[in-house]
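Trainee: Once you've had a glance at the structure underneath, I'll fire off some questions.
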Amino acid sequence: MGGLRSSAQMISYELTLGLSALSIIILTGSLNLVDMVVAQESCLLSLFSLWLFYYFLLLGG
């Protein structure tokens, strides 16, 4: 029973981590790290675009 609980917690953590990484990839439109950095420099990506993803992350945690 403890193993089942542990695996459920691990899946929950990995899902939250994956969704946060996926949100950055969707907003920048690229998997290239340089493109992600350039996207953060050119606009207010972190202030306005990620609030919804942050809200869902808080709900999951």
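Under the working numbering, the first residue of the sequence shown is numbered 29, with each subsequent residue one higher.
Beta carbons are placed, not taken as given, at the ideal position from N, Cα and C, and that holds for glycine.
Computed from a predicted model, the values in this text were never measured in an experiment.
Tell me the rounded alpha-carbon separation between Arg33 and Ile39.
Mentor: 10 Å
Trainee: Would you grab the beta carbon distance between Phe81 and Ser35 for me? Rounded to a whole angstrom, and I think it's under 8 Å.
Mentor: Wrong, their Cβ atoms sit about 25 Å apart, outside the cutoff.
Trainee: Counting only the same chain and skipping the five closest in sequence on each side, list residues whose C-beta sits under 8 Å from that of Phe84.
Mentor: Excluding sequence neighbours, Phe84 sits near Leu47.
Trainee: Output needed for Ile93: all residues of its chain with C-beta closer than 7 Å, excluding positions within five of it in sequence on either side, in chain order.
Mentor: For residue 93 there is no data in the structure shown, the boundaries of the chain being 29 and 89.
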